[in-house]
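In my numbering, the protein residues as written are 1 to 419.
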């Protein structure tokens, strides 16, 4: 081997002498540079090896070299030895390295996201995390991609704000939460609608304080406090006899405009109720100070002249308000008079009612008497007759059948109903 090396050195020396002013040529009589090597077979199919074989060392050997001249070139064929430290700080894979005066540097550094931009020229690139997080960190802020176990998630955590922004042209959707601020979900730009929902038959539920408060079923029924609404809107207040609905700007003090009255049916459905017809007051009345005199005794019931009134009650029946006042003079003085009792009673359709008044004469001659009563009677629809009749209920000294003449001083008889 020693002899062979000397022969090679002698050969190179020959080349050097023949080409002292230009350089060394290998397989080349006219070198164009300090060292000019021509391939033995530049073309063709020869299996002979052409090329320059650079010294091959492992990382430990490269790391151990000292006083290495700048531009020294080596090929590291193993990183099983040595460490990523000192002059070998960049030797993290097998390959060509040159010495830059401080450390061994890759002859052609690989491009990566840490030192350069790049582009995918073809195909799809897949990053396999092996169950590890891919975490982009800037101080206390981070964006993490998690594919561990059965979970895939994207987490944006910031000391002041964490958010996600989606943009399509000039349309944007922003999700973010501020520290000690309200979490928000906003759309902006030229998007024509913010549509939130599902494209399957599954319901949509909105939670508050960990509990579902509003539910929208696939058919469009909306439940408030009800996860299975049976109508387009069903509100379950949770309190008996309380609707759970308040119209803040519409209350009993608000002006009432045209429209229908609202009510509820037996199952709680809100329905419209026919508006009531404005009330009309219908009054039948008798007011007289010149009524005809009439006789009253204990054997008959005498109709007081002028009190008969015809009333027509509309469909549905109405309450009839009765007011009667009568002032009379006893017009004669039959034997034994002065202590008898007289009664005025209301009659409807010829039948006596339970509304009446009794008074006693005050001494011989009778002088005058006052009768008055008020009542409410419910009548069926149709025509009715009302009147007032008198009788003597206790003779007290007067012979039975004896007439007492009654002369009206004043009379008011009103029968009123609302419709």
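C-beta atoms are modelled at their ideal positions from N, C-alpha and C, and glycine is treated no differently. Here the structure is a predicted model, which is why all the values come from computation and not from measurement.
Does the separation of the CB atoms of residue i and residue j fall below 7 Å?
i	j	result
residue 320	residue 381	no
residue 187	residue 173	yes
residue 60	residue 44	no
residue 411	residue 326	yes
residue 142	residue 132	no
residue 393	residue 334	no
residue 242	residue 226	no
residue 216	residue 224	no
residue 405	residue 293	yes
residue 218	residue 201	yes
residue 57	residue 99	no
residue 276	residue 291	no
residue 97	residue 70	no
residue 350	residue 407	no
residue 417	residue 248	no
residue 171	residue 148	no
residue 425	residue 340	The shown model of the chain, from 1 to 419, leaves out residue 425, and the question about it has no answer.
residue 80	residue 89	no
residue 38	residue 24	no
residue 395	residue 298	yes
residue 445	residue 371	The shown model of the chain, from 1 to 419, leaves out residue 445, and the question about it has no answer.
residue 369	residue 328	yes
residue 48	residue 40	yes
residue 309	residue 274	no
residue 286	residue 307	yes
Counting along the chain, where does the alpha helix (DSSP H) carrying residue i start and finish?
i	result
residue 64	59-64
Which two residues bound the contiguous beta strand (DSSP E) that contains residue i?
i	result
residue 405	404-418
residue 162	161-168
residue 226	Careful: residue 226 lies outside any beta strand (DSSP E) and carries neither H nor E.
residue 264	261-264
residue 298	No beta strand (DSSP E) holds residue 298; DSSP gives it neither H nor E.
residue 234	233-235
residue 145	141-146
residue 269	Element bounds for residue 269: n/a, residue is neither H nor E.
residue 374	368-379
residue 310	309-313
residue 25	24-26
residue 189	184-189
residue 37	35-37
residue 78	73-78
residue 387	382-394
Determine the DSSP secondary structure at residue i, reduced to helix, strand or coil.
i	result
residue 208	strand
residue 87	helix
residue 125	coil
residue 19	Residue confidence for residue 19 is low, a pLDDT of 45 falling below 50, so the modelled location carries little weight and cannot support an answer.
residue 319	strand
residue 326	strand
residue 102	coil
residue 356	strand
residue 151	coil
residue 362	coil
residue 53	coil
residue 349	coil
residue 68	coil
residue 114	coil
residue 3	Its pLDDT being 43, under 50, residue 3 is placed unreliably in this model, and the value from its coordinates should be taken loosely. Looking at residue 3 - three-state DSSP - the assignment turns out to be helix.
residue 214	strand
residue 156	strand
residue 132	coil
residue 339	coil
residue 178	strand
residue 241	coil
residue 285	strand
residue 250	coil
What do you get for residue i, buried or exposed, if any count of 16 or more other CB atoms within 10 angstroms of its CB means buried?
i	result
residue 14	Confidence at residue 14 is low in this model, with a pLDDT of 45, below 50, so its placement is unreliable and the value that follows should be read with caution. Per the 10 Å Cβ criterion, exposed.
residue 420	Lying before the first or after the last residue shown, residue 420 is absent from the chain, which here runs from 1 to 419.
residue 379	buried
residue 87	buried
residue 296	buried
residue 32	exposed
residue 63	buried
residue 185	exposed
residue 245	exposed
residue 342	buried
residue 318	buried
Please confirm if residue i has its CB atom under 7 Å from at least one CB of chain B.
i	result
residue 159	This model lacks chain B altogether; it includes just one protein chain.
When every heavy atom of the ligand COA is checked, does at least one fall within less than 6 Å of the C-beta of residue i?
i	result
residue 405	The ligand content of the structure shown is nil, which means the ligand COA is not present either.
Worksheet item: Does the count of Cβ pairs from the region 258-270 and the region 389-405 closer than 8 Å reach three?
Response: The answer is no - the region 389-405 does not touch the region 258-270, with fewer than three Cβ pairs under 8 Å.
Item to complete: Check whether the region 177-189 touches the region 150-165, counting contact only when three or more Cβ pairs, one atom from each stretch, lie closer than 8 Å.
Response: Flag = yes, the region 177-189 and the region 150-165 touch.
Discussion item. Check whether the region 303-315 and the region 350-367 are in contact - that is, three or more C-beta pairs closer than 8 Å.
Written reply: Contact check between the region 303-315 and the region 350-367: fewer than three CB pairs, one atom from each, fall below 8 Å, which does not count as touching.
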